[in-house]
Structure formats: structure tokens, C-alpha cells
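2 protein chains.
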Amino acid sequence: MDRLLRSIKLEINEKIYKKDPQSSELGKKIIEHGILLIHQLGFEDFTFKKLGVQIGSNESSIYRYFENKHKLLLYLTSWYWGWLEYQLVFSTNSIQDKNQKLKKAIEIITREIEEDSSFSYINEVILNKIIINEYSKSYLTKEVDKENKEGYFIIYKRLADRLSEMISLVNPEYPFPTSLASTLLEGSLHQYFLRDHFTSLTECKESNSVTLYFTDLVFNSLNIKNNG
Amino acid sequence: MDRLLRSIKLEINEKIYKKDPQSSELGKKIIEHGILLIHQLGFEDFTFKKLGVQIGSNESSIYRYFENKHKLLLYLTSWYWGWLEYQLVFSTNSIQDKNQKLKKAIEIITREIEEDSSFSYINEVILNKIIINEYSKSYLTKEVDKENKEGYFIIYKRLADRLSEMISLVNPEYPFPTSLASTLLEGSLHQYFLRDHFTSLTECKESNSVTLYFTDLVFNSLNIKNNG
DNA sequence: ACACTACGATAGTAATACTATTATATTTGC
DNA sequence: GCAAATATAATAGTATTACTATCGTAGTGT
Chain A
1 MDRLLRSIKL EINEKIYKKD PQSSELGKKI IEHGILLIHQ LGFEDFTFKK LGVQIGSNES
61 SIYRYFENKH KLLLYLTSWY WGWLEYQLVF STNSIQDKNQ KLKKAIEIIT REIEEDSSFS
121 YINEVILNKI IINEYSKSYL TKEVDKENKE GYFIIYKRLA DRLSEMISLV NPEYPFPTSL
181 ASTLLEGSLH QYFLRDHFTS LTECKESNSV TLYFTDLVFN SLNIKNNG
Chain B
229 MDRLLRSIKL EINEKIYKKD PQSSELGKKI IEHGILLIHQ LGFEDFTFKK LGVQIGSNES
289 SIYRYFENKH KLLLYLTSWY WGWLEYQLVF STNSIQDKNQ KLKKAIEIIT REIEEDSSFS
349 YINEVILNKI IINEYSKSYL TKEVDKENKE GYFIIYKRLA DRLSEMISLV NPEYPFPTSL
409 ASTLLEGSLH QYFLRDHFTS LTECKESNSV TLYFTDLVFN SLNIKNNG
């Protein structure tokens with residue numbers, strides 16, 4: 001990634017945290033090792049106590065940053081979608097042709113995440129795996145409506161919106177642009193999950209096949225021939 | 229639903245339960261009120277202790293049927309997919325035309341669930357809501373590969389397989405039949421979730437719009453005109 | 001030197017997710 | 001109709017989780 005990204009700070013809804021983790025060393029350690037430990041143990045077995053041991057800090061100190069691990073997950077997912085949104089905007093901004101723009105957007109959303117050293121304390125490859133495995137758990141809760149009202153999912157919704165608009169630009173007659181956008185976002189995560197755990201339920205085995213699958217899906221839905 | 233279904237018993241992988249809940253009154257009560265209570269509290273807040281209170285039974289008695297609530301969820305999801313598979317096979321069996329067959333299949337998978345009194349102790353409408361809200365949690369775990377090997381997801385995979393085959397029959401050249409089938413199954417649940425909680429992320433507001441959306445999506449992907 | 005904040009250490013609570021044991025009720029087999 | 005087998009209920013107990021609250025201290029800013 002470029003320098004520009006390295007210098008910007010992603011804005012996360014302030015209600016998600018009690019103290020901004022980007023404001024201190026300990027905060028950054030919580031994020032950095034939180035990602036690693038959630039990935040290692042899975043969200044269910046992950047606890048603040050274990051994270052405390054891992055970073056040589058006290059459990060109670062972590063609670064000063066996040067109310068609970070659910071909020072930490074909301075923080076991480078918001079960060080991830082914000083990061084992806086930035087890449088989307090950055091990569092498609094200069095493209096004039098509507099079809100090419102959408103094609104690029106699908107590529108950004110569906111491609112495999114590679115190491116990105118922009119944010120030194122965040123491992124985007126691991127974070128992507130967390131999103132694949134745990135993102136659903138952040139909204140499949142009884143509190144989803146309340147938390148949605150608080151704006152906890154605003155970055156994701158903005159991203160879906162951008163995609164939806166790009167889709168509508170290509171074919172303004174298409175009646176389901178937002179559903180298609182959300183299918184793309186969710187479905188892409190799901191295809192990667194299937195590739196890792198239910199191989200028989202997907203044809204996407206190669207590195208770029210998720211992109212090929214969704215590019216085909218979207219452009220066929222819009223009744224546009226997809227010739228590069 | 230018809231009489232036939234009322235008399236068959238869905239076969240669930242025996243490793244999922246310690247004692248077959250279909251074999252006793254208490255077992256059926258666990259399933260019946262388990263569904264209601266998971267729906268009411270959400271899976272996270274649901275406990276066997278609370279279920280025990282609800283059905284006037286002891287916590288320890290429930291543990292004799294299921295090792296833990298995760299296994300109960302696996303049981304319920306298996307039952308649901310088995311039930312849906314049965315409807316799929318039953319409804320499409322006699323249709324000769326490949327396109328019509330697939331179209332019917334999509335309808336079965338994506339339609340809203342209505343009251344079905346075939347299984348007196350199982351409320352399929354509520355169970356469907358549980359699937360929408362909790363199904364992902366049954367496989368987004370660290371144990372998924374082990375449990376997959378044990379065959380806990382076999383019914384779902386069989387259903388996806390049937391769909392995939394119907395897709396391939398319509399267009400044998402289509403390169404992603406299984407991915408499309410899994411997108412359909414997962415995506416349908418997701419669109420219903422969005423309809424209930426993230427209205428701005430879907431165009432599917434009416435009762436049959438999820439069906440319309442996915443019918444359009446699938447047939448366009450297969451490059452087949454969908455004129456009824 | 002003083003205030004202020006951050007962090008660590010310790011303690012404590014209610015609930016969860018079980019396991020184990022024993023007692024009682026119900027079913028069934030003869 | 002009674003004994004044996006089985007199912008369920010009751011109770012107790014454990015380790016862990018998910019916190020909250022308090023206190024002491026180290027570092028920082030003025």
C-alpha cells in the first residue's frame with residue numbers, strides 16, 4: 001500500500017471503545033495481539049484475561065479500553081471495512097469507464113488479502129481471516145438493532161452503498177443493486193470460508209477464482225458482457 | 229404440508245445427540261421449547277438451565293440428551309435442512325423441464341416459511357428464524373473441520389449438492405454451479421436478515437422479493453432467459 | 001512539588017458450563 | 001403384580017467467565 005494510507009488514521013465510531021486504542025502503546029498492543037489471539041483461539045475461547053497474559057498486562061487494563069470482547073470485535077471489523085473502503089475508493093477513483101470501475105471494485109472486494117505494512121501493529125492477513133470466521137457474530141446478536149442505531153455498522157453500510165451505486169451506474173434498470181452489493185460482500189467471505197473448510201461446496205480453489213466467480217455473477221446479473 | 233411428511237422421521241446423525249430426543253416426551257419438549265427459548269433469548273444467552281426451568285425439568289436431564297447447547301444447535305439446523313431438502317425433492321420431483329425444475333427449487337429455498345403442522349412439536353416458522361440468526365454460529369467455530377469429518381453437516385451439503393446438480397443440468401457449461409448453490413442457500417438467509425435489521429442493505433422488502441432476486445441472479449448467471 | 005492519568009494488582013461476585021452422585025419415579029419384562 | 005431396568009429429578013460441587021471495584025504506584029506535565 002501507498003504512503004498516503006500510512007499517514008491517515010481510520011475513524012472508528014467513538015461509542016465502540018471506552019478509550020481510543022490508537023492513542024497509546026497499550027491500546028495498540030491490545031489491537032495487535034487481540035487480532036492474533038482471536039485468530040488463534042477463535043472468538044468464543046478468546047478472553048481478556050488470556051489477552052492480558054499474552055501482552056503482559058492486566059485484564060482490568062484492557063477493560064479500560066473496551067467494555068467487552070464483543071466491542072473489540074466491532075472495533076476490529078469496523079477497522080477492516082474502513083481499510084477496505086479506502087482501498088476501494090483509492091483504486092477506483094480515477095477510472096472513468098463505469099464497467100471497468102465496477103470490475104475493479106469487485107476485484108478489490110473479493111481478492112485475497114496480502115501483507116500490507118501500512119499499519120505496523122495490524123496484520124491485515126490475519127485480520128481478514130478473523131473477518132471471514134467471526135464477522136457474522138458481530139451482528140447476529142439480540143442487540144443488533146440497538147447497536148445499528150448507535151452507528152456501529154456505519155462503515156460497512158457505507159461500503160455496501162458505494163458498491164451499490166457503482167452497480168446502478170452500470171445498469172440503472174437493475175432492480176436489486178443493494179442486495180447484489182450485500183451478496184457480494186457477504187458471499188465473498190463465505191466462499192473463502194468454504195474453500196478452507198467445505199471444499200466440496202465451492203469451485204473457488206485458486207487464488208483469483210472468487211473474483212472470477214463474482215465478476216461473472218455481477219455482470220451477468222446486469223446483462224453486460226464482461227470482456228475485460 | 230402433506231400427510232406423507234407427517235409420517236416420516238428425519239434421520240439426524242447419531243453422533244450429534246447422546247440420546248435421541250425423538251424417542252421420548254422429554255426429548256421432544258427439549259426440542260420444542262429449545263427452539264422457542266433460543267429464539268427468545270438468542271443463542272448466546274440461552275442455557276440448559278433456563279431451558280430446564282421453562283420445561284419444568286432439571287438441567288442435568290437435558291445434558292443426557294445433548295452434550296452442550298452447540299450440539300443442540302447442530303441438531304436443530306440438521307433437522308431444518310433435512311426438512312427443507314424433503315420439500316425440495318418432493319416439490320421438484322415430478323417436474324420434467326430443467327428450467328422449471330430449477331425455478332421451483334429456488335422458490336422452495338428462498339420463500340418465506342409458513343406454518344407447517346406436520347411435526348407437532350416443531351414450529352418451523354420460529355426454527356427458520358433461528359436458522360437465519362444462528363446457523364452461521366454452528367460452523368464458524370474452531371471445531372468445524374473435526375465436526376465436518378464426523379458428518380455433522382452432511383444434510384446441508386447434500387442439499388447444496390442437489391441444487392448444484394439442478395444448476396448444472398440447466399447449463400452444463402457454467403463453471404461455478406456449487407458456488408452458486410451455496411451463495412443461494414447462504415445468501416437467502418442473509419437477505420432475510422437484512423430485511424429485518426439492515427433495511428438499507430437490501431431491496432427485498434416484500435414477501436416474494438427474495439425469490440425474485442435469486443431467480444433473476446441464478447438464471448442470468450446461466451445465461452438463460454427467465455420467462456416463467 | 002503537586003496534580004493527574006495510566007496502569008497493575010488484588011479481591012470479589014454472579015453466572016456459566018459443566019460433572020458426579022444419589023434418590024425417586026416410571027416403564028417393561030416376565 | 002412384582003422385580004429389574006431405565007429415566008428423570010435433586011443436590012452439590014468445580015473451574016472458568018465476565019465482569020466491577022478499590023487501591024497503590026509510576027510516570028508526566030506544569
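Read top to bottom, the protein sequences are chains A and B. FYI, the numbering for the first sequence is 1 to 228, going by this note's numbering. FYI, the numbering for the second sequence is 229 to 456, going by this note's numbering. Heads up, the beta-carbon is just placed ideally off N, CA and C, and yes, glycines get one too.
Have a look at residue i and residue j and give me their C-alpha separation to the nearest angstrom.
i, j, result
"Leu144 of chain A", "Asn361 of chain B", "One point to set straight first is that residue 144 of chain A is Val, not Leu, in the sequence displayed. Cα-Cα distance, rounded: 11 Å."
"Lys237 of chain B", "Gln250 of chain B", "9 Å"
"Ser322 of chain B", "Ala388 of chain B", "20 Å"
"Glu32 of chain A", "Lys104 of chain A", "30 Å"
"Leu336 of chain B", "Leu450 of chain B", "Per the sequence presented here, residue 336 of chain B reads as Ile, with Leu not at that position. Cα-Cα distance, rounded: 19 Å."
"Ser366 of chain B", "His298 of chain B", "7 Å"
"Glu375 of chain B", "Tyr384 of chain B", "13 Å"
"Glu150 of chain A", "Asn399 of chain B", "46 Å"
"Ile55 of chain A", "Gln87 of chain A", "30 Å"
"Asn296 of chain B", "Ile244 of chain B", "10 Å"
"Glu173 of chain A", "Leu217 of chain A", "17 Å"
"Asn227 of chain A", "Gln100 of chain A", "Below a pLDDT of 50, predicted positions are generally treated as unreliable, and Asn227 of chain A, at 48, falls in that range; the measurement from the model is reported next regardless. C-alpha separation (whole angstroms): 10 Å."
"Arg386 of chain B", "Phe426 of chain B", "31 Å"
"Glu44 of chain A", "Ser120 of chain A", "26 Å"
"Gly270 of chain B", "Lys247 of chain B", "24 Å"
"Leu301 of chain B", "Glu352 of chain B", "14 Å"
"Tyr420 of chain B", "Ser57 of chain A", "42 Å"
"Glu431 of chain B", "Glu206 of chain A", "32 Å"
"Phe153 of chain A", "Tyr135 of chain A", "11 Å"
"Arg3 of chain A", "Tyr303 of chain B", "Residue confidence is low: Arg3 of chain A scores 49 on pLDDT, short of 50, so the model does not pin down where it sits. Its coordinate-derived value is still stated next. Rounded to whole angstroms, Arg3 of chain A to Tyr303 of chain B spans 51 Å at the Cα level."
"Thr110 of chain A", "Asn208 of chain A", "8 Å"
"Ser49 of chain A", "Ile12 of chain A", "A small correction: the amino acid at residue 49 of chain A is Lys; Ser does not occupy that position in the sequence shown. Between Lys49 of chain A and Ile12 of chain A, the C-alpha separation is close to 24 Å."
"Gln268 of chain B", "Phe274 of chain B", "9 Å"
"Thr183 of chain A", "Leu84 of chain A", "16 Å"
"Lys142 of chain A", "Ile263 of chain B", "15 Å"
"Leu429 of chain B", "Ser252 of chain B", "44 Å"
Chain B beta carbons: is any one of them nearer than 8 Å to that of residue i?
i, result
"Leu84 of chain A", "no"
"Gly187 of chain A", "yes"
"Ala160 of chain A", "yes"
"Gly42 of chain A", "yes"
"Glu134 of chain A", "yes"
"Ser240 of chain A", "This structure cannot settle anything about residue 240 of chain A, because the visible part of chain A is limited to 1 through 228."
"Asn13 of chain A", "no"
"Pro175 of chain A", "yes"
"Asn220 of chain A", "yes"
"Ser179 of chain A", "yes"
"Leu10 of chain A", "no"
"His190 of chain A", "yes"
"Lys19 of chain A", "no"
"Lys157 of chain A", "yes"
Closer than 8 Å, CB to CB, is residue i near chain A or not?
i, result
"Val353 of chain B", "no"
"Phe318 of chain B", "no"
"Asp444 of chain B", "yes"
"Tyr441 of chain B", "yes"
"Asn451 of chain B", "yes"
**Request:** Would you check if the segment 289-298 of chain B and the segment 383-399 of chain B touch, i.e. whether three or more CB-CB distances between them fall below 8 Å?
**Result:** Contact fails: fewer than three Cβ-Cβ distances are below 8 Å.
**Prompt:** What residues from the segment 192-211 of chain A come within 8 Å of chain B, judged by C-beta to C-beta, listed N to C?
**Reply:** Residues passing the 8 Å Cβ filter: Phe193, Leu194, His197, Phe198, Ser200, Leu201, Thr202, Glu203, Cys204.
**Request:** May I ask you to verify whether the segment 259-275 of chain B touches the segment 198-214 of chain A, counting CB pairs closer than 8 Å and requiring at least 3?
**Result:** The segment 259-275 of chain B vs the segment 198-214 of chain A: no contact.
**Request:** May I ask you to verify whether the segment 73-85 of chain A touches the segment 124-131 of chain A, counting CB pairs closer than 8 Å and requiring at least 3?
**Result:** Enough Cβ pairs lie closer than 8 Å, so yes.
**Where the segment 39-66 of chain A meets chain B: residues whose CB sits under 8 Å from a CB there** = Within the segment 39-66 of chain A, the residues whose Cβ lies closer than 8 Å to some Cβ of chain B are Leu41, Gly42, Glu44, Asp45, listed in chain order.
**Asked** Do three or more CB pairs link the segment 401-419 of chain B to the segment 174-184 of chain A at distances below 8 Å?
**Response** Yes, the segment 401-419 of chain B touches the segment 174-184 of chain A.
**Request:** Would you list, in sequence order, the uninterrupted alpha helix (DSSP H) runs of no fewer than 4 residues that lie entirely inside the segment 81-127 of chain A?
**Result:** Qualifying alpha helix (DSSP H) stretches, in chain order: 98-110.
**Message:** Counting only Cβ-Cβ distances shorter than 8 Å, please list the residues of the segment 135-154 of chain A near chain B, keeping chain order.
**Reply:** From the segment 135-154 of chain A, only Ser136, Lys137, Tyr139, Leu140, Thr141, Lys142, Val144, Asp145, Asn148, Phe153 have a Cβ closer than 8 Å to chain B.
**Message:** If we require 4 or more residues per run, which alpha helix (DSSP H) segments fall completely within the segment 149-204 of chain A?
**Reply:** Taking only runs of at least 4 residues, the alpha helix (DSSP H) segments lying wholly in the segment 149-204 of chain A are 154-170, 177-197.
**4-residue-minimum alpha helix (DSSP H) runs that sit fully inside the segment 4-68 of chain A, ordered along the chain** = Listed in chain order, the complete alpha helix (DSSP H) runs (minimum 4 residues) inside the segment 4-68 of chain A are 25-41, 48-55, 59-63.
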